[in-house]
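Student: Position in the sequence shown (from 1) plus 188 gives the number in this note's numbering.
We put the CB at the ideal spot given by N, CA and C, even for glycine.
If you're wondering where the values come from, they're calculated on a predicted model, not measured in any experiment.
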Amino acid sequence: MAWPYPTSSPTAAPLVVARFTQGQCQPWPVRARCATSRETVQNVSFPPRELRDLQVRIRAEQQTPDWQARFAVHSGVKGTVNEFAHGHGMRRCRCREQPKAHLQHVFTAIAVNIERLSGLPSTGEAPPSRPPTAFQDFLDQHGFPRLKFWRAVSR
């Protein structure tokens, strides 16, 4: 039996819920792999067909190189804003006046850029390799070979 299920929020997407009683689930031979609930009723919810088709189309689009390139820029910008806001305390300004607060934000942004530029290698040099993790050190000490995809340099 399926019917539209009331969501917790008026802005949430509607769901279609199928309810199965324990009597309906018992004879099914693969029940143990499907549901582990001991309750008498099992609910399975899924979005309406239109929303599911939209999800499938958008997820397929997200696998294209063009979308991934656009998202890489978006992700970099979000990371920079997050570092600025959380890493340098820009959620709390020392000054109440807008011109002084703006000046604090500008100076902090300059400092963040200098900090980032100072960590870059000189032109022509390879970027420094990451130090091995404790787990990688353990594997090295016990003679396990490193796989190709490990980023740290083998010793």
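1) Starting from PHE272 and walking both ways along the alpha helix (DSSP H), at which residues does that stretch end?
2) From PRO202 to ASN231, what does the alpha carbon distance come to, in whole angstroms?
3) Thinking PRO236 and VAL204 are a contact (beta carbons under 8 Å), I'd like their distance in whole angstroms, please.
4) Can you check DSSP and say which residues form a bridge with ALA200?
5) Please report the straight-line C-alpha distance between PRO217 and ARG334, rounded to a whole angstrom.
6) Expressed to the nearest angstrom, what Euclidean distance is found between the alpha-carbon atoms of PHE272 and GLY331?
7) Sort out for me which residues DSSP pairs GLN230 with in a bridge.
Tutor: From the atom records:
1) Locating residue 272 in the sequence shown gives position 84, counting from the first residue. Segment: none, PHE272 is in no alpha helix (DSSP H) and carries neither H nor E.
2) In the sequence shown, residue 202 corresponds to position 14, counting from 1. In the sequence shown, residue 231 corresponds to position 43, counting from 1. Each residue's Cα considered, the two are about 15 Å apart.
3) The residue you call residue 236 lines up with position 48 of the sequence shown. The residue you call residue 204 lines up with position 16 of the sequence shown. That belief holds up - the Cβ atoms of PRO236 and VAL204 are roughly 6 Å apart, short of 8 Å.
4) One-based indexing of the sequence shown puts residue 200 at position 12. Note: ALA200 sits in no beta bridge, so no partner.
5) For the purposes of this step, residue 217 is taken as the residue at position 29 of the sequence shown. For the purposes of this step, residue 334 is taken as the residue at position 146 of the sequence shown. Computed Cα separation, rounded: 44 Å.
6) Here residue 272 is taken as the residue at index 84 of the sequence shown, counted from 1. Here residue 331 is taken as the residue at index 143 of the sequence shown, counted from 1. Those two C-alpha atoms are separated by around 42 Å.
7) For the purposes of this step, residue 230 is taken as residue 42 along the sequence shown, with counting starting at 1. Answer by DSSP bridge pairing, in chain order: PHE208.
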